[in-house]
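Numbering (the working numbering), first residue to last: 59 to 182.
Positions of the beta carbon are idealized from the N, C-alpha and C atoms, including for glycine.
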């Protein structure tokens, strides 16, 4: 991902995109503070406070075009058989995605909590 890939400098070696994604996954699964996360990934909290929002913005930018929102505004009367089948399949897909989100909440506990970022670092 070129959006999260940084160049090495004379002073330091850049954090690889793979490590950035590993840190993001760890942050999202545990919901730990930057200070607590710093101990497990061995990166300073001030670096994490820049790295995490920056990487999350890049992920949102890449996946933003692929996210599909489903709006339920169907009239159920006077529908053809094809439309009834479509509506049934659509509602089933919604149910399955809600079940998937429930499973994800059990795995990624961060989804149950408010992510602790300061006001000026919140993602838009």
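> Counting pairs of Cβ atoms below 8 angstroms between the segment 102-118 and the segment 83-93, do you hit three or more?
Replying inline: yes
> Around the C-beta of residue 110, are 16 or more other C-beta atoms found within 10 angstroms, so that it is buried, or is it exposed?
Replying inline: Burial call: buried.
> Considering only residues of the same chain and omitting the five flanking positions on each side of residue 160, which have a CB-CB separation below 6 angstroms?
Replying inline: none
>> Taking the alpha-carbon of residue 101 as reference, which of 120, 121, 66 and 78 has the nearest alpha-carbon?
In response: 78
> Measuring CB to CB, does residue 92 end up less than 8 angstroms from residue 75?
Replying inline: no
> DSSP on residue 106, reduced to helix/strand/coil?
Replying inline: helix
> Can you tell me whether DSSP reads residue 72 as helix, strand or coil?
Replying inline: coil
> Taking the alpha-carbon positions, what's the residue 145 to residue 81 distance?
Replying inline: 40 angstroms
> Can you tell me where the alpha helix (DSSP H) with residue 157 in it begins and where it stops?
Replying inline: 139-165
>> For residue 99, which residues in the same chain have their Cβ closer than 6 angstroms to its Cβ, ignoring the five residues on either side in sequence?
In response: 81
> In three-state DSSP terms, what is residue 78?
Replying inline: Correct three-state label for residue 78: helix.
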